[in-house]
Amino acid sequence: MITFHPKADTFGPITLFRIDGRNAGYIFQSLEGPYLIYFADVADAPCGVPLERSAVPGRRSIFAVDIPSMEEAISLVHRAYAERNTTNTTSNNTQFMARDAVTPCPVAPHQTVERATLSSPTPSSRMGRY
């Protein structure tokens, strides 16, 4: 079962989603307008959409990027798990933190980290599309 939970923090509103009770990712809107979906496990990402890997070393997470609306983002989340014909996975993300991807490398004090780090990456900071 997929459930969505709207939340707000210092970076703005996000929509967390859980799959069968486990935290699986979140949806947020970039400063430029498009939506992004953070999948805590790369294996959960849908096929056929632009993807970017998380910049957090050692994390198995990925972003679906350039999604035009919240409705389409929610549809992609549903499609990602429908493609597997089940919502059950073998991974256990009990230590999932919704903001793990916001601070990819501690190169600046925490107070200076902005959502724009990931929501509006420059071409040179993108790790590539898959």
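Okay, so the sequence shown: first residue is 1 according to the UniProt record's numbering, each after it adds one. Every residue, glycine too, gets a C-beta built ideally from N, C-alpha and C. Keep in mind it's a predicted model, so treat the numbers as computed, not measured.
Query raised in the report: Residues bridged to Ala8 by DSSP?
Result: Pro13
Report task. Name the residue from Ser54, Phe17, Gly33, Val49 whose alpha carbon lies nearest to the alpha carbon of Ser69. Result -> Gly33
Requested in this report: Look at Ile67 and Arg53 and say whether their C-beta atoms are less than 8 Å apart.
Outcome: no
Query raised in the report: Out of Arg22, Ile37, Gly21, Asp20, which has the shortest C-alpha to C-alpha gap to Pro13?
Result: Ile37
Query raised in the report: Given that a residue counts as buried once 16 or more other Cβ atoms are within 10 Å of its Cβ, and exposed if not, what is Glu83?
Result: exposed
Query raised in the report: Quick one: complete beta strand (DSSP E) runs, 3+ long, within the region 51–89?
Result: 51–53, 62–67
Query - Between the CA atoms of Asp41 and Ile2 - distance to the nearest angstrom - result: 15 Å
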